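>
There are 2 protein chains.
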Amino acid sequence: MQYPAPIKTLIAKLAKLPGIGNRSAERIALHLLQADARLSNELAEAIRNTRAQIRYCTRCGNYSVAELCDLCNDPARDKSLICVIERANDILALEKSEGFKGVYHALGGKISPLNGIGPEQLRIAALIQRIKTEQPREIVLALSADVDGDATALYLVNEFKPLGVRVTRIAHGLTVGSTLEQSDEVTLARALEGRKEL
Amino acid sequence: MQYPAPIKTLIAKLAKLPGIGNRSAERIALHLLQADARLSNELAEAIRNTRAQIRYCTRCGNYSVAELCDLCNDPARDKSLICVIERANDILALEKSEGFKGVYHALGGKISPLNGIGPEQLRIAALIQRIKTEQPREIVLALSADVDGDATALYLVNEFKPLGVRVTRIAHGLTVGSTLEQSDEVTLARALEGRKEL
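Protein sequences appear in the order of chains A and B.
For the first sequence, the positions run 10 to 207 when our numbering is used.
For the second sequence, the positions run 10 to 207 when our numbering is used.
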């Protein structure tokens, strides 16, 4: 038997979400059919609202409902410490780690010649402008630990030189909880490089 | 950091879906934010459309867009064989097994005194009417293998007696692929009871 068309469409759309296979999509679709109609309505509305109401903070590029995001508006955050990340999602990951009390600047991606992404497509000019205006004491680069991330870091370091700002990059090394055996050789080389005196 | 309100609402709604934990809900919400806006819109629309367009087949209780479902309208299905199930979802499960070529009748649940569900809340009167009108040669009970399913089966057998129709119930036994060790004692007792000559 085929599902009626609206159910088939719903399953196909759900199966496009990350981590949702066909079987889960089917289960969710049938659940939405059987559960209180309010659940469907509220879910559909929440999906629409999120896209309609969320925009990017004009200063740092974080998700926000207002022009400036909660972090940029928070007087408790250290504005002299700017962490450069690729995307707004990275802010959420760093905030969960609770290891950073400064502010952020999302580039919107990383320099990637293979994908046709150069510095001019990223929010780099805005970052340089910010450094000139806000005069932070340190820029922390928290970019991907891959070739493009490295290239972007290198490019930024050169751009920042004339500005006289201190630039650091977050450490690369062993994942907490992992063993040497599980780590690849590049990670191990980076971990050795970044060794600290105890 | 807290998520902006619309994202928080979306995550909460997504986390109510079956098989979706908080972590997956977060991942899906952030994906919807980053992906093409079309994906969000189409998903929201598919959810709304499904609830708006899907109704229950007036004859068998299956999901349908028209008054009668595809199965009831299918001339290839054996109308003299009616399989009684609890819910429309059970039809989909049985159809996937490809073991049944008759038609269905969904009761809308099972008799469950503890949950305050008696025969009059189920589509039993409609089933009796159907048997009188359609005069099927066999009624197959495919109800849950639990106390309420057993009670419902017993009740139906008594109701069907004056109608002179043959009533069968699907077998209980070992799950295909399972070992004796994995099976509980009640299943094993039922499997023994239902043994067949080879």
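By construction, the Cβ of each residue, glycine as well, lies at the ideal position given by its N, Cα and C atoms.
Note that this is a predicted model, so its numbers are computed, not measured.
State yes or no: is the C-beta of K119(B) within less than 7 Å of the C-beta of D157(B)?
A contact, by the Cβ cut-off of 7 Å.
> Please state if the CB of R132(B) and the CB of L116(B) are separated by a distance shorter than 7 Å.
Cβ atoms of L116(B) and R132(B): closer than 7 Å.
> With a threshold of 7 Å on Cβ separation, who are the neighbours of S121(B) within its own chain once the five nearest residues in sequence on each side are excluded?
D157
> Hey, does P15(B) have any beta-carbon neighbour from chain A nearer than 7 Å?
yes
> Counting only beta-carbon atoms, is H114(B) nearer than 7 Å to chain A?
no
> Expressed to the nearest angstrom, what Euclidean distance is found between the alpha-carbon atoms of A97(A) and A160(A)?
20 Å
> Does L123(A) pass the burial test, meaning 16 or more other C-beta atoms within 10 Å, or should it be called exposed?
That one is exposed.
> Give me the residue from I140(B), V185(B), P13(B) and L19(B) with the minimum Cα distance to Y72(A).
P13(B)
> Determine the burial state of S33(A): buried for a count of at least 16 other Cβ atoms within 10 Å of its Cβ, exposed for fewer.
buried
> Determine the contact status of P15(B) and I91(B), defining contact as a CB-CB distance below 7 Å.
Contact flag unset, no.
> In chain order, what residues of the same chain have a beta carbon less than 8 Å from the beta carbon of E35(B), not counting five sequence neighbours either side?
I20
> So is G118(A) in contact with chain B if we call contact Cβ pairs under 7 Å?
Taking CB atoms only, G118(A) has no neighbour in chain B less than 7 Å away.
> Can you pull the DSSP bridge partners for I91(A)?
V112(A) and I148(A)
> Check whether the Cβ atoms of R175(A) and A46(B) lie closer than 7 Å to each other.
no
> Going by C-alpha to C-alpha distance, which of K170(A), R199(A), A200(A) and K17(A) sits closest to L7(A)?
Outside the displayed span of chain A (10 to 207) sits residue 7(A), for which this structure offers no information.
> Determine, using beta carbons only, whether P210(A) comes closer than 7 Å to chain B.
In the structure as shown, chain A starts at 10 and stops at 207, and residue 210(A) therefore has no counterpart that could be examined.
> Give the secondary structure of Y164(A) by DSSP, where H, G and I count as helix, E and B as strand, and everything else as coil.
helix
> With C-beta atoms as the reference, is R6(B) less than 7 Å away from H181(B)?
The displayed coordinates of chain B run from 10 to 207. Any statement about residue 6(B) would go beyond what the structure contains.
> Taking Cβ-Cβ distances shorter than 7 Å, what residues in chain A pair up with K22(B)?
E51, L52 and A55
> Out of curiosity, what's the CA-to-CA distance linking A4(B) and D83(A)?
With chain B represented from 10 up to 207, any question about residue 4(B) goes unanswered, as that position is not in the structure.
> Check this for me: beta carbons of A53(A) and I148(B), under 7 Å apart or not?
no
> May I ask you to list the residues that DSSP assigns as paired with V176(B)?
I148(B)
> Under 9 Å between beta-carbons, which chain B residues line up against S187(A)? List them in chain order, please.
Within chain B, no residue comes near S187(A); the closest Cβ sits about 20 Å away, beyond 9 Å.
> By the 10 Å Cβ neighbour count, where 16 or more other Cβ atoms means buried, how is S112(A) classified, buried or exposed?
Note that residue 112(A) is Val in the sequence shown, not Ser. Buried, because 16 or more other Cβ atoms sit within 10 Å of the Cβ of V112(A).
> What separation, rounded to the nearest whole angstrom, lies between the Cα atoms of N58(B) and S49(A)?
The straight-line gap from Cα to Cα measures roughly 10 Å.
> Terminal residues of the continuous alpha helix (DSSP H) containing L80(B)?
Here the alpha helix (DSSP H) through L80(B) covers D79 to N82.
> Suppose only complete runs of 3+ residues qualify. What are the beta strand (DSSP E) ranges in the stretch 21-105 of chain B, listed by chain order?
For the stretch 21-105 of chain B, whole beta strand (DSSP E) runs of length 3 or above, ordered along the chain, are 87-94.
> Between which residues of its own chain and Q130(B) is the CB-CB distance below 8 Å, once the five residues before and five after are set aside?
G117 and G118
> Name the chain B residues that come within less than 7 Å of S33(A), Cβ to Cβ?
G28
> Should D99(A) go down as buried or exposed, given a rule of 16 or more other Cβ atoms within 10 Å for buried?
buried
> Using a Cβ-Cβ distance cut-off of 7 Å, determine whether N82(B) contacts chain A.
no
> Does the CB of T142(B) have a neighbour CB from chain A at under 7 Å?
no
> According to a CB-to-CB cut-off of less than 8 Å, which residues of the stretch 122-136 of chain A neighbour chain B?
none
> Could you tell me the distance, in whole angstroms, from the CA atom of G70(B) to the CA atom of H114(B)?
6 Å
> Starting from I140(A), trace the alpha helix (DSSP H) both ways and give me its first and last residue.
I133 to E143
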